[in-house]
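Protein chains in written order, with UniProt numbering: chain L, 1 to 138; chain Z, 1 to 138.
There are 2 protein chains.
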Amino acid sequence: MEEKDLELIDYELVVLIRRTSLDKELGGLDRSTYTLLTQLSKNGPIGVKALADEFRLDVSTISRQTTALEAKGYVQRLPDPTDGRSSYFQVTEEGMRKVGDAKKARIARHTKLFKDWSDEERQRFGELLARLNRTFIE
Amino acid sequence: MEEKDLELIDYELVVLIRRTSLDKELGGLDRSTYTLLTQLSKNGPIGVKALADEFRLDVSTISRQTTALEAKGYVQRLPDPTDGRSSYFQVTEEGMRKVGDAKKARIARHTKLFKDWSDEERQRFGELLARLNRTFIE
DNA sequence: ATAAATGATTGTATCATACAACTATATGAA
DNA sequence: TTCATATAGTTGTATGATACAATCATTTAT
């Protein structure tokens, strides 16, 4: 294994995280709104606990964030019929519209950012990123 | 341009940031210690303003972080002989040792993480990451 | 010579987060 | 069946990273 490749990856990952984690908003929505709506619209209505597991955040954090989303009307709370303690959050139409717009905005930005890359490079980068993320999970 | 490649990149970047920005420490040092020591050891002694520009953080934030580093003995403040307002921070031997150890720890972790990747994949991923970071800068 | 600009520090506010205490409900064991 | 324990969620509180504003000291420009 080439040590210098790992060093490069290490360094560039740190730089990337440093830059991107400064963005308070993603496509015009704040981070938690964007990530929660994305998750809920992708993987169906789930509750506070499942979201906390997914994001590796404390349930108290998710509880506040979902309360905020509900107050904005982006999600609706559906009581779990089989468990009186919990409920699921379903993205509302308004929420779907918001997250759709945000995604469009991000794609537009990325289109510019990657405009000098070849199709092959973009495709490969996406694959490798996905692979890294799957690797983390194990 | 393939829209689906951009969508994949967008999604996987969000996932990556979400995961990695949760790490409070990098190789046993807290984030700001690791990034500041790396920067200072790489690009020579510079002052608060230059660090703030580099990291796109407020000078007040950097000021506090460098004060903390100095208190820990990881950097030494060298007054700028040509400008009485500013000083440069030089990494001490102790600081060099600390950041060296931290880097070793990270490389060890990455060695495990990327163990199933081919040399070509690691090399390519590093290149593409670097390219993305350079693109951001413009 | 004085006004404006600049590097840095410190006070204060905000935000995201974790932990702890608590409530309500569900599950399992005697 | 009942009671102890576990679980889902909420709320109070503390912390850490950050930005902005005020300020100080020094430098630069008019």
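We treat Cβ as the ideally placed atom computed from N, Cα and C, and that holds for glycine.
Can you list the residues of chain L that glutamate 70 of chain Z reaches, using a CB-CB cut of under 8 Å? For the purposes of this step, residue 70 of chain Z is taken as residue 70 along the second sequence, with counting starting at 1. The contacting residues do not exist; glutamate 70 of chain Z stays about 21 Å from chain L at best.
Check this for me: beta carbons of lysine 42 of chain L and tyrosine 74 of chain L, under 9 Å apart or not? Locating residue 42 of chain L in the first sequence gives position 42, where the first residue counts as 1. Locating residue 74 of chain L in the first sequence gives position 74, where the first residue counts as 1. Not a contact, by the Cβ cut-off of 9 Å.
Selection from Z:Ser118, Z:Ala71, Z:Leu29 and Z:Thr61 that minimises the alpha carbon distance to aspartate 101 of chain Z: By 1-based counting over the second sequence, the position of residue 101 of chain Z is 101. Taking only the C-alpha atoms, the option nearest aspartate 101 of chain Z is Z:Leu29.
With a floor of 3 residues, list each beta strand (DSSP E) that falls wholly inside the UniProt domain "HTH marR-type" (1-134) of chain L, ordered by position along the chain. 75-79 and 87-91
Can you round the beta-carbon distance between threonine 135 of chain Z and leucine 113 of chain L to whole angstroms, since I take them to be within the 8 Å contact cut? Counting from one through the second sequence, the residue named residue 135 of chain Z turns up at place 135. Counting from one through the first sequence, the residue named residue 113 of chain L turns up at place 113. That pair is a contact at about 6 Å.
Could you say which of L:Leu8, L:Glu2 and L:Thr35 lies nearest to residue 144 of chain Z if we only look at CA atoms? Here chain Z covers residues 1 to 138 and nothing more, so residue 144 of chain Z does not appear.
Apply the 10 Å Cβ neighbour rule to valine 91 of chain L and answer buried if 16 or more other Cβ atoms are within range, or exposed otherwise. Counted from its first residue, the first sequence places residue 91 of chain L at position 91. It is buried - the Cβ of valine 91 of chain L has at least 16 other Cβ atoms within 10 Å.
Could you check if arginine 106 of chain L is buried or exposed, using at least 16 other CB atoms within 10 Å of its CB as the buried criterion? Counted from its first residue, the first sequence places residue 106 of chain L at position 106. When all chains shown are included, arginine 106 of chain L counts as buried.
Nearest CA to the CA of glutamate 12 of chain L: which residue from Z:Asp119, Z:Asp80, Z:His110 and Z:Ser118? Stepping through the first sequence from its first residue, residue 12 of chain L is reached at position 12. Considering only alpha carbons, the answer is Z:His110.
Straight-line CA distance for isoleucine 62 of chain L to phenylalanine 125 of chain Z? Start at 1 with the first residue of the first sequence, and residue 62 of chain L comes out as number 62. Start at 1 with the first residue of the second sequence, and residue 125 of chain Z comes out as number 125. Distance between the alpha carbons of isoleucine 62 of chain L and phenylalanine 125 of chain Z: 33 Å.
From this set, Z:Arg131, Z:Gln65, Z:Arg64 and Z:Glu54, which residue's C-alpha is nearest aspartate 116 of chain L's C-alpha? Along the first sequence, one-based indexing puts residue 116 of chain L at 116. Taking only the C-alpha atoms, the option nearest aspartate 116 of chain L is Z:Arg131.
Since alanine 50 of chain Z and aspartate 58 of chain Z are thought to touch, with beta carbons under 8 Å apart, how far apart are those beta carbons, to the nearest angstrom? Along the second sequence, one-based indexing puts residue 50 of chain Z at 50. Along the second sequence, one-based indexing puts residue 58 of chain Z at 58. Not a contact, Cβ separation roughly 14 Å.
Any C-beta of chain Z sitting closer than 9 Å to the C-beta of phenylalanine 114 of chain L? Translated into positions along the first sequence, residue 114 of chain L becomes position 114. Yes, because at least one Cβ of chain Z sits closer than 9 Å to the Cβ of phenylalanine 114 of chain L.
Taking 7 Å as the limit between beta carbons, can you name the residues of its chain near glutamine 39 of chain Z, skipping five residues before and five after? Mapped onto the second sequence, residue 39 of chain Z falls at position 39. Excluding sequence neighbours, glutamine 39 of chain Z sits near Leu51 and Glu54.
Determine whether the beta carbon atoms of glutamate 121 of chain L and leucine 128 of chain Z lie at a separation below 9 Å. Counting from 1 along the first sequence, the entry for residue 121 of chain L is found at position 121. Counting from 1 along the second sequence, the entry for residue 128 of chain Z is found at position 128. Closer than 9 Å, so yes.
Straight-line gap, valine 15 of chain Z to lysine 24 of chain L (C-alpha atoms, nearest Å): To locate residue 15 of chain Z, count along the second sequence from 1; it is residue 15. To locate residue 24 of chain L, count along the first sequence from 1; it is residue 24. Each residue's Cα considered, the two are about 15 Å apart.
If you measure from the beta carbon of alanine 130 of chain Z to each beta carbon in chain L, is any gap under 9 Å? Position 130 of the second sequence holds residue 130 of chain Z. Chain L, which has a Cβ nearer than 9 Å to the Cβ of alanine 130 of chain Z, makes this yes.
Quick check on the burial criterion: 16 or more other C-beta atoms within 10 angstroms. Buried or exposed for residue 148 of chain Z? This structure cannot speak to residue 148 of chain Z, because chain Z is shown only from 1 to 138.
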